[in-house]
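Chains as they are written, first to last, in the numbering used here: chain R, 247 to 551; chain B, 285 to 381. Backbone N, C-alpha and C define an ideal beta-carbon position, used for all residues, glycine too.
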């Protein structure tokens, strides 16, 4: 069963009641909210995602609710809730859906220490993955969105989830939140992509969520092997440059971009070292998305040879 | 005289390019060591040695001429290893009670 099997009314009823169960990659979530605007966006954008069996164990119980204080009568606000806690300041109610999405990412980042979590986008083709470790603003989500609409499978635009047992990458193909200028860049690059509503004036500017291609969501159980580490940097007007990078530098950058490197101690060291040993490492500088996609496409046949 | 501490035996070493990435379990820290720094630790494998003696061993290991390794390169590396708790200094002429 997938979310699209529920009509809008059933979906909203579950969301406002005991909660909607939904699977994102290795995580089962229960989501609760009685906000109708959130239900509308979630029903549309979560449509292809699977609904777990009723007896499945859920990793996170999240929701978006109105504040309990007097604020609810002064301004229309919404709070992200996880396990009955409200870890963030309230959002304006119009931003309830992006608040939910950010909150889910926060849950993953702070509560998934059974995995090594790299701050990295990832795409896969032929069982081999490119990881893009990067800081916010380096353009990894934009690049990742272009690639998954050009024949690559989405692993994640935010988390490189590495399984300690074997170093495999676990897909977490969630919605991709494009921000500000990136929105029009992708609308021009792939107009047929599934875009959600625009949320203006959020804490990160204007945000539009892009639904991953259905194939990426259907294959969320298929792991991939890291094959390339590419460190992207978008710079206005920059010519395309894809240069090999020293592995020692790559190690430092991957470890520095991990959410929980210190938490996992020697396990994290071993996993990053094995990944860097196995991968070809590059620094990518670009301004033109089509050029960057073509250059990354060329990595794959080169590796085949 | 300088000597390696017991923590050195626990280090996990990985070589990338001409650098060593080293995990230190006693502090849960990861270090990047250049060849000079890593050779200093290796030179202490047989026990305590004087700083000039260690420097000579590092020069030999790196294929440098005598005094080819400047103190400007050598001493900061020794100081860093001391900070990390990986080497200790021993008094040259310990006072007897």
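In the three-state reduction of the DSSP assignment, residue 367 (chain R) falls in the strand class, which pools E and B. A Cβ-Cβ contact shorter than 9 Å links residue 472 (chain R) with residue 374 (chain R).
The residues 368 and 418, in chain order, have a CB closer than 6 Å to that of residue 402 (chain R) in the same chain once the five nearest residues on each side in sequence are set aside. Neighbourhood of residue 504 (chain R) in chain B, by CB distance below 8 Å: empty, with the nearest CB roughly 11 Å away. For residue 425 (chain R), the enclosing beta strand (DSSP E) has its first and last residue at 422-425. Residue R:337 holds the alpha-carbon nearest to the alpha-carbon of residue 448 (chain R) among R:421, R:337 and R:258. The residues 318, 320, 321 and 324, in chain order, have a CB closer than 8 Å to that of residue 361 (chain B) in the same chain once the five nearest residues on each side in sequence are set aside.
Between residue 404 (chain R) and residue 368 (chain B), the alpha-carbon positions lie close to 34 Å from each other. In terms of Cα proximity to residue 420 (chain R), the closest of R:525, R:272 and R:278 is R:272. Per the coordinates, the alpha-carbon of residue 365 (chain R) lies some 15 Å from the alpha-carbon of residue 515 (chain R). Residues 362, 408, 410, 413 and 510 of the same chain have their beta carbon placed closer than 8 Å to that of residue 517 (chain R), with the five preceding and five following residues left out of the count. Shortest Cα-Cα distance from residue 286 (chain R) to any of R:343, R:327, R:427 and R:339 involves R:343. For residue 304 (chain R), the secondary structure class from DSSP, reduced to helix, strand or coil, is coil. Between the beta-carbon of residue 379 (chain R) and that of residue 503 (chain R) there is about 4 Å, and that keeps the pair under the 8 Å contact cut. Of the other Cβ atoms in all chains shown, fewer than 16 fall within 10 Å of the Cβ of residue 247 (chain R); this residue is therefore exposed. No Cβ-Cβ contact shorter than 9 Å links residue 453 (chain R) with residue 441 (chain R).
Within the same chain, 343 come within 8 Å of residue 349 (chain B) by CB-CB distance, once the 5 residues on both sides are set aside.
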